[in-house]
Amino acid sequence: MFQDKKARITETQSWGSYFLLRISAPQIAREARPGQFLMIRVSSGFNPLLRRPLSIHNCAGPEIEIFFQVTGEGTRLLSQKIAGEKVDILGPCGHGFSLKPEFKGQEIFCVGGGRGLAPLYFVARELQTVGATPVIFYGGQTLSDLALKNRLEATGWEINFSTDDGSYGFRGLITQLVEEQLKKRKPAFLFGCGPEAMMARLAEICQLSSLPAEFSLESIMGCGLGACWGCVRKIKKGGEIKYLRICQDGPVFPAEEILWSGD
Amino acid sequence: MVDLSSDLGFLRLKNPVIAASGTFGYGLEFQPLYDLSQLGGLVVKGLYFKPREGNPPPRLAETPCGLINSIGLQGIGVEAFCQEVLPKLALLETAIIANVCGEEEEEYARVAEYLSRHQGLAALELNISCPNVRAGGKCPAQDPEATYRTVKRVKQVSPLPLITKLSPNVTDITAVALAAEEAGSEAVSLVNTFLALAIDLESRKPKLGNVLGGLSGPAIKPLALRMVFEVARQVKIPVIGLGGIFSYQDALEFMVAGASAVEVGTANFVNPLACPEIIKGLEDWAESHGLNRLSEIVGSLKV
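Here the protein sequences come in this chain order: C and U. Just so you know, we're using the working numbering here: the first sequence kicks off at 1409 and counts up by one. Just so you know, we're using the working numbering here: the second sequence kicks off at -13 and counts up by one.
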């Protein structure tokens, strides 16, 4: 865990409301694992006051990447940063995805909705290095939500796209596409991140197919360090339901431990 | 070399900067980032006798230059604290202060008594001012008599020095401070958070799961400073100032207003290195102003 007050932005890209920043932060990059996140200070003043939690999208040498959508004032300020600017970053925070040795030679489904693809690119790359085959599912409302389409298509991974309006890929929900594929193939694991309803449905599908899964959850956070207990959510652990911290006990949780809003 | 120490009478701090309860976990959360022995002290998260679930989320709402929280003192309870956390904290060269909570007077006494039987604590901070655990944000620190009774009861069972943490959600904070002093509290710390509300306009629902919460951060600093000034003029016991301290200049203002030491809270979220940076800033400032002892400035406001 490091606080890098002068991490330098080296490159920015944008697609409508989606942004990708590449940031030089060698100490953080060295420790970062897929599914972990950063706490980024978006303003040098006090408005907004809190840091913003952002998934680590990729690590390349001394650099880390974040991929996000502008959803409020914090992400709007972050989206205005330009190459050469310095940002104050804390990380890597939390516990990431479980990458198990037995994944070797197996297919692993990585399912992301919209900006939820953020942590899955990193995990897919790591899966490749352990000899597993990542299979990407990437859904959005419309083509413009598939901001990382070209980047993903250049990787050579199998990518399954869906849009609600059929403007690209399968017409319908990404969960339908996953369900279809599970009739034909037997992945060893599923990693998911995206809107709550998407993850809840995926969890249901995984349970029916006895497919183990992990999801990366989101929350407003105070500290990112496990100190303030502001980001909690009800989690089933050891037969008990209790408020656990998304920042420190997560942000990645096994599917069966998560209580969804409909439960 | 400037003497940064702060002598509270019952406790000598190596410097006046204390990490505030509720913003610093049980202390160990910040250990990966810096050596906690640099701190004047640290106050751990509020402790009830038993583990406590806390309030339903959402528990945080940001406001301009501020943060409203309704955590509701989720915590591990005294037993787990004394067994699993305190032995690690006791190794640090800083004053470890436990924040004592209770549903009613007797629980405050039980918690204080239990903690006093363990090695490693320099003092207790009596949390009678959390706005998130009783209906409507009520707390004992809103009533001088309840404050007196609670302090008196805890003093009966615990030999540890007691710092009573006061609520700003009162008409006259000096009356409550005087009640704490009269009941035997060795110091007062102020202020806890301001009872507040944040609304989501589209849903017309409160942003916090518990409806009301406590406001902290730079937004409350001038209010907290005024209250520290008022209380420091009335009581003879040391005053520990807190409320929106984000920089060494903020800390100095509280000291000039009469605080012998300060607590740094919400700033720990925004800048996890806030405490050590404030300590360094105080040292540099004192040096550049030719002070031998930083404590010379306590209560030096020219009015």
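Think of the CB as a built atom: it goes at the ideal place given N, C-alpha and C, for glycine as much as any other residue. The model shown is predicted, which means the values in this text are computed figures rather than measured ones.
Annotated as proximal: V162/U and A127/U, with beta-carbon spacing under 8 Å. Interface residue (Cβ-Cβ distance to chain C less than 8 Å): E15/U is classified as such. Excluding residues up to 5 positions away in sequence, A109, P147, E172 and A173 lie with their Cβ nearer than 8 Å to the Cβ of F(-4)/U in the same chain. By the rule that beta-carbons nearer than 8 Å mark a contact, Q1411/C touches chain U.
Leaving aside the five residues that flank G52/U on each side, the residues in its chain whose CB is nearer than 6 Å to its CB run, in chain order, L201, G203 and A205. One alpha carbon belongs to V1519/C, the other to L1486/C, and they sit about 25 Å apart. For the pair of segments examined, the segment 1477 to 1497 of chain C was found not to touch the segment 1659 to 1668 of chain C: the number of CB pairs separated by less than 8 Å stays below three.
Among the residues facing chain U, K1650/C is included, as its CB has a counterpart in that chain under 8 Å away. Out of W1668/C, G1638/C and C1655/C, the CA that lies nearest to the CA of N41/U is found in G1638/C.
Bounds of the alpha helix (DSSP H) holding E99/U are E91 to S102. One Cα belongs to P192/U, the other to K36/U, and the distance between them is close to 29 Å. At a cut-off of 8 Å between beta-carbon atoms, R1579/C makes no contact with chain U. The alpha carbon of L(-1)/U has as its nearest neighbour, out of N254/U, F16/U, T80/U and Y12/U, the alpha carbon of T80/U. For the C-beta of I57/U, the chain C residues within less than 8 Å are, from N- to C-terminus, C1636, W1637 and G1638.
Where K1592/C is concerned, the enclosing alpha helix (DSSP H) starts and stops at I1582 to K1592. With a cutoff of 8 Å on beta-carbon distance, V29/U and S7/U are scored as near each other. The beta carbon of T9/U falls within 8 Å of a beta carbon belonging to chain C, placing the residue at that interface.
Nearest in C-alpha terms to I1582/C, of all of P1620/C, V1543/C, A1468/C and R1653/C, is V1543/C.
A straight line joining the alpha-carbon of G13/U with that of G1539/C spans about 40 Å. Residues of the same chain with a CB within less than 7 Å of the CB of R96/U, apart from the 5 flanking positions on each side, are F35 in chain order.
Looking only at F232/U, D270/U and N254/U, the smallest Cα-Cα distance to L22/U is reached by N254/U.
As the crow flies, the alpha-carbon of A1433/C is around 5 Å from that of A1415/C.
Taking a cut-off of 8 Å on C-beta distances, the segment 1634 to 1654 of chain C does not touch the segment 1584 to 1597 of chain C, as fewer than three cross pairs fall below it.
Burial check for V214/U: the Cβ neighbour count within 10 Å reaches 16 or more, so the residue is buried. Neighbours of R1641/C across chain U, judged by C-beta separation under 8 Å: P43. Classified as exposed, H275/U has fewer than 16 neighbouring CB atoms from the shown chains inside 10 Å of its CB. As a beta-bridge residue in DSSP terms, P192/U pairs with I185/U.
The contact set of L1633/C on chain U, defined by CB atoms closer than 9 Å, consists of G11, E15, F16, P18, L19, N254, F255 and P258 in chain order.
Pairing K1644/C with L1619/C gives a Cβ-Cβ distance that is not under 8 Å. Taking CB atoms only, Q235/U has no neighbour in chain C less than 8 Å away. Judged by DSSP secondary structure, G1577/C falls outside any alpha helix (DSSP H); it is assigned neither H nor E. Taking C-beta atoms as the reference points, T1541/C and D1573/C fail to come closer than 8 Å.
A distance below 6 Å between beta-carbons, with the five flanking residues on each side excluded, links I1497/C to the following residues of its chain, in chain order: D1412, A1415, A1433, L1446 and I1448. At a cut-off of 8 Å between C-beta atoms, F1476/C does not count as an interface residue with respect to chain U.
DSSP, read as helix, strand or coil, puts S1552/C in helix. Taking 8 Å as the cut-off, the Cβ atoms of V225/U and S246/U count as close.
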